[in-house]
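> For the numbering used here, add 1310 to where a residue sits in the sequence shown, where the first one is 1. Dropping a structure here in C-alpha cells format, bear with me for questions.
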Amino acid sequence: MSNLQAGQRYHGIDALRAFAMILGIFLHATIVYKEKALPVWPHDTYSHSPVFDYFYFLIHTFRMPLFFMVAGFFCRFLIYKVGVAEFIRRRWQRIGIPFLGSLIFILPVTVFPFLYHQNSAVYGADRLMNLKASFKQLFGWNGIAHLWFLYYLLLYYIVAVVYVRAASLPVIRPVSTYLLKVVNNSKGYAISLALIAIGGTWGILLLQGELLVPVDTGLVPGFVNLLFYGFFMGLGWVINTRSSVFDFMVKNAAWLLGAGLLISGFIFYQDYHDCNPPSFRLSIVGIKLLLSAQIIFLVFGITGIFLHYFRDESRLWRYLSDAAYWMYLVHMGLVVFLQLILLQFNIHSGIKFIAVFSVTLAFTILTYQFFVRYTRIGIYLHGPRHRKKGEKFL
C-alpha cells in the first residue's frame, strides 16, 4: 500500500471522499423525517419514521471522523511532498478561498430557509412579512452552517505547519526522528493503533455530557469539538507515516464493518428509548466506550471496503470525487427548501426523502457540470479540468 508515496493515486480514497461528501447530503435529507426533531431544523409532523433516526445516528457517528482521518492522511503526504510553502499555497486555494467565497455567496442561501421556517411561528400565514424579516436577519450573525468543516480544516492546517516547522528545529528533530523510527519498527502496529484510537476517542467523549459530539457552527469552536475532529486529523497523519495500516483495514473490513453496525444498533436502541436502570442499560461511560469502538470499527471498515473494491481507476468515481465538493457546498439550502415545500403534503416519509435527495443530487451535479467543472470555480475546488474531444458529460 505504499504506492501513494511513489506518486500514484489511491483511487479508493478518491471514491471514499466522494462517498463521505454525498453521504452528508443523505444525512441532511433525513433530518426532517426523524421522529425526534432537531433544534433549528424543520420537523415533518405528518411523515416521520424511526428509520431516519437510525440513519441519522449511524451516519453522524462516523462520517466526519472518517473525513478528517482522510484529510489528515493527505495533509502529511502533501506537506512532505511539496514543502510547507507550496502546501500553504495549495490549501489556501482549495480550502481558504472556497471557504471565504462560500461565506459570501452560499451561506445566505443556506441560512434563509431556516430563518423563514423559524419566523413562521411568528408571522404565520403572512408570507410577505416573513420574507422581509428573514431577509433582514441575513445581515446578522447566523453561524457558518455546514461550512464549519472548512474552518476546522484551516485551523488544523495551521497546527500542522507549526508542527512541521518545529519538528525541523535542531533541538526537536532527533526526538521526532526517533518517534517515527519507533512507529515504523513496531510490531502489531495496526492493532495497537486501532486500540489507541478507540481509547483516545473514548477519552474525548467523556469530556462532554452528550453522547455524540454536537455540531458547532460558531467562529470560536468548542474545545471538545476541536479536540475530537483534530484527533482524527492526527490519526490520519499517523497512518501516513506507515500506510500499511490500510492493508489491515482491507483484510479485516468485513468484520470491522459488521461489528460497527451491530454495536450501532444496540446503542441506538438504548439512546432512542431513553433506557434507564433497572432496564438493560450500561452506564454512560460504558456506552461511550462502545460508541468509540463503533466509530473506529466503521471508519476503518468502510475505508477498507473502498480501498479494496474501488482500488482501480474509475471515470465515474473520479468525476464524483471532483463534483462532491461543490455538491456538498451548495446542497443545504436546497434540501431545507424542498423539505419545507413537502411539509404540507401528507405522504409517506420515504417518498418525501427520496424526492428531496434525488432532486438535490440532480441539481448539484448539473450545476457542477455546466457552471463549475470547466470554470474558474472548478480550478479553485479541484484544479483545472479540460474537456476531451467528443466529451458530452463526464
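Using N, Cα and C, we set each Cβ at its ideal position, and we do this for glycine too. This structure is a prediction, so every number in the text was calculated from the model and none was measured.
Alpha carbon to alpha carbon, how far is ARG1386 from ALA1476? Give it in angstroms, no decimals.
Going by the C-alpha atoms only, they are around 14 Å apart.
> With a cut-off of 8 Å on the beta carbons, I'd call HIS1641 and THR1677 a contact; round off their distance for me.
About 10 Å separates the two Cβ atoms, so there is no contact after all.
> Pick helix, strand or coil for TYR1366, following the three-state DSSP scheme.
Residue state, collapsed to three classes: helix.
> How about the region 1497-1507 and the region 1426-1434: do they share at least three Cβ pairs that are nearer than 8 Å?
The region 1497-1507 is not in contact with the region 1426-1434.
> Going by C-alpha distance, which of GLY1568, ALA1633 and ILE1468 is nearest MET1543?
When only C-alpha atoms are compared, the closest one is ILE1468.
> Is it right to say ILE1414 is buried, meaning 16 or more other beta carbons lie within 10 angstroms of its own, or is it exposed?
Result: exposed.
> Measuring only the C-alpha atoms, how far is SER1631 from SER1593?
Cα to Cα, SER1631 sits roughly 41 Å from SER1593.
> Buried or exposed, going by whether 16 or more other CB atoms sit within 10 Å of the CB of GLY1619?
Contrary to the premise, residue 1619 reads as Tyr rather than Gly in this sequence. With fewer than 16 other Cβ atoms within 10 Å, it is exposed.
> Using 8 Å as the cut-off, can you tell me whether the region 1551-1568 makes contact with the region 1604-1615, which would need three or more C-beta pairs spanning the two stretches below that distance?
Judged by Cβ distances under 8 Å, the region 1551-1568 makes contact with the region 1604-1615, as three or more pairs qualify.
> Is it right to say ILE1514 is buried, meaning 16 or more other beta carbons lie within 10 angstroms of its own, or is it exposed?
By the 10 Å Cβ count, ILE1514 comes out buried.
> Assuming PHE1383 and ILE1549 are in contact, meaning their beta carbons sit under 8 Å apart, how far apart are those beta carbons, in whole angstroms?
Indeed they touch by this definition, with Cβ atoms about 6 Å apart.
> Which class does PHE1449 belong to by DSSP, given the choice of helix, strand or coil?
In the structure shown, PHE1449 sits in coil (DSSP, three-state: anything other than H, G, I, E or B).
> Taking buried to mean at least 16 other C-beta atoms within 10 Å of its own C-beta, is THR1369 buried or exposed?
What sits at residue 1369 in the sequence shown is Ile, not Thr. Buried.
> Among residues of its own chain, excluding the 5 on either side of VAL1419, which ones have a beta-carbon nearer than 6 Å to its beta-carbon?
Around VAL1419: GLY1643.
> Quick check on PRO1423: does DSSP put it in helix, strand or coil?
If DSSP states are grouped into helix, strand and coil, PRO1423 belongs with the helices.
> Nearest-angstrom Cα distance between LEU1545 and PHE1556?
If you take the alpha carbons of LEU1545 and PHE1556, they lie about 13 Å apart.
> Using 10 angstroms around the beta-carbon of ILE1661, count the other beta-carbons present and answer buried if the total reaches 16, otherwise exposed.
So ILE1661 ends up on the exposed side.
> By the DSSP assignment, the alpha helix (DSSP H) with ASP1557 in it spans what residues?
Start and end: 1555-1561.
> Within 8 Å, do at least three Cβ pairs link the region 1447-1456 to the region 1519-1532?
Yes, the region 1519-1532 is in contact with the region 1447-1456.
> Decide if SER1602 is buried, meaning its Cβ has at least 16 other Cβ atoms within 10 Å, or exposed.
By the neighbour-count rule (16 or more Cβ atoms within 10 Å), SER1602 is buried.
> Identify, in the order they occur along the chain, each residue of the same chain with its Cβ nearer than 8 Å to the Cβ of PHE1372, setting aside the five sequence neighbours on each side.
Excluding residues within five positions, the ones whose Cβ falls inside 8 Å are GLY1570, GLN1604, ILE1605, LEU1608, VAL1609 and ILE1612.
> Return the CA-CA distance between ASP1354 and TYR1343, expressed in angstroms with no decimal places.
Their backbone Cα atoms lie some 6 Å apart in a straight line.
> Starting from the N-terminal side, write out each stretch of the alpha helix (DSSP H) that is 4 residues or longer and does not extend beyond the region 1352-1418.
Counting whole runs of 4 or more residues, the region 1352-1418 contains the alpha helix (DSSP H) stretches 1360-1392, 1394-1401 and 1407-1415.
> Let's see if you can read the secondary structure: which residues bound the alpha helix (DSSP H) around ALA1435?
It is not in any alpha helix (DSSP H) - ALA1435 carries neither H nor E in the DSSP assignment.
> Could you give the DSSP three-state label for TYR1320: helix, strand or coil?
Coil, per DSSP.
> The alpha helix (DSSP H) with TYR1473 in it runs from where to where?
First-last of the alpha helix (DSSP H) with TYR1473: 1458-1477.
> Report the three-state DSSP secondary structure of VAL1666 (helix, strand or coil).
VAL1666 falls in the helix class under three-state DSSP.
> What separation, rounded to the nearest whole angstrom, lies between the Cα atoms of LYS1698 and VAL1525?
For LYS1698 and VAL1525, the distance between alpha carbons rounds to 41 Å.
> Tell me the DSSP secondary structure of PRO1588 in three-state form.
Reliability of the predicted coordinates at PRO1588 is poor, the pLDDT of 41 falling under 50, and the value obtained from them is presented with this limitation in mind. If DSSP states are grouped into helix, strand and coil, PRO1588 belongs with coil.
> Since LEU1648 and LYS1598 are thought to touch, with beta carbons under 8 Å apart, how far apart are those beta carbons, to the nearest angstrom?
Wrong, their Cβ atoms sit about 35 Å apart, outside the cutoff.
> In angstroms with no decimal places, state the Cα-to-Cα distance between LEU1376 and GLU1345.
Approximately 26 Å between the Cα atoms of the pair.
> Mapping DSSP to helix, strand and coil, what is ALA1696?
For clarity, residue 1696 is His in the given sequence; the question names Ala instead. Reduced to three states, the DSSP call for HIS1696 is coil.
> Suppose you measure from the CA of PRO1423 to the CA of ALA1633; what does that come to, to the nearest Å?
For PRO1423 and ALA1633, the distance between alpha carbons rounds to 24 Å.
> Could you check where the alpha helix (DSSP H) with HIS1618 kicks off and where it finishes?
1594-1619 is the span of the alpha helix (DSSP H), which, as asked, contains HIS1618.
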